[in-house]
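This report refers to the structure that appears directly beneath it.
Following this line, the structure appears as structure tokens:
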């Protein structure tokens, strides 16, 4: 199963989570393209994929940062958006700004895509074994669900 993992990171927190998710995907044998969406060429580099994993920090008042909005718009306009079951979202945020804004961008993206997967929320940057375990568990769960969705490669499905 080919995975596109695209992320936006302001301070490096989301990039660090993205790298942990990418390493887990690759350890499980999935080809992966890792993209930082902060650049004009990011969408042009995107290859067709079976699963889209999006990572995002949260801007002012729970908003999605402009670079992620632009990336999603480019995907929509050029490649077509993948169906909701093939999209999962993770985010970093700070609870000090209030629970209503915490990882708000990730939740907005998940709603936009109609993703049925839980949103992975990481406070600031991943710290220690607990966060690593949560990232691995989320990645494993999401990949298993995408792989067994009706859109997955039928040759890989088991009765």
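In the working numbering, the protein residues as written are 12 to 170.
Each residue gets a CB set at the ideal place from its N, CA and C atoms; glycine is no exception.
Going by DSSP, what residue range makes up the alpha helix (DSSP H) through residue i?
i	result
residue 67	Looking at the DSSP string, residue 67 is not in any alpha helix (DSSP H); the run it does join, the beta strand (DSSP E), is 62-68.
residue 115	115-124
residue 149	139-158
residue 71	Where residue 71 is concerned, there is no enclosing alpha helix (DSSP H), given that its DSSP letter is neither H nor E.
residue 79	77-85
By Cβ distance, which residues of its chain are closer than 6 Å to residue i, with the 5 residues on each side in sequence left out?
i	result
residue 119	75
residue 115	69 and 73
residue 164	Its pLDDT being 45, under 50, residue 164 is placed unreliably by the model, and the measurement read from it follows with that caveat. Excluding sequence neighbours, residue 164 sits near nothing in its chain.
Beta-carbon separation of residue i and residue j under 7 Å?
i	j	result
residue 102	residue 132	yes
residue 33	residue 21	no
residue 15	residue 60	yes
residue 157	residue 66	no
residue 121	residue 78	no
residue 152	residue 35	no
residue 141	residue 130	no
Excluding the 5 residues flanking residue i on each side, which residues of the same chain have their C-beta closer than 7 Å to its C-beta?
i	result
residue 39	154
residue 27	136 and 137
residue 166	Model confidence at residue 166 stands at a pLDDT of 45, short of 50, so the residue's coordinates are unreliable and nothing is read from them.
residue 88	none
Let's see if you can read the secondary structure: which residues bound the beta strand (DSSP E) around residue i?
i	result
residue 130	Segment: none, residue 130 is in no beta strand (DSSP E) and carries neither H nor E.
residue 99	98-104
Compare the Cα-Cα distances from residue i to each of the options and report the closest residue.
i	options	result
residue 47	25, 31, 134 and 98	25
residue 108	71, 86 and 64	71
residue 125	100, 49, 141 and 89	100
residue 123	12, 159 and 84	84
Enumerate in chain order the residues of its own chain whose CB-to-CB distance from residue i is below 8 Å, with the five nearest sequence positions on each side excluded.
i	result
residue 106	113 and 134
Looking at the strands, I want to know which residues DSSP matches up with residue i.
i	result
residue 47	18
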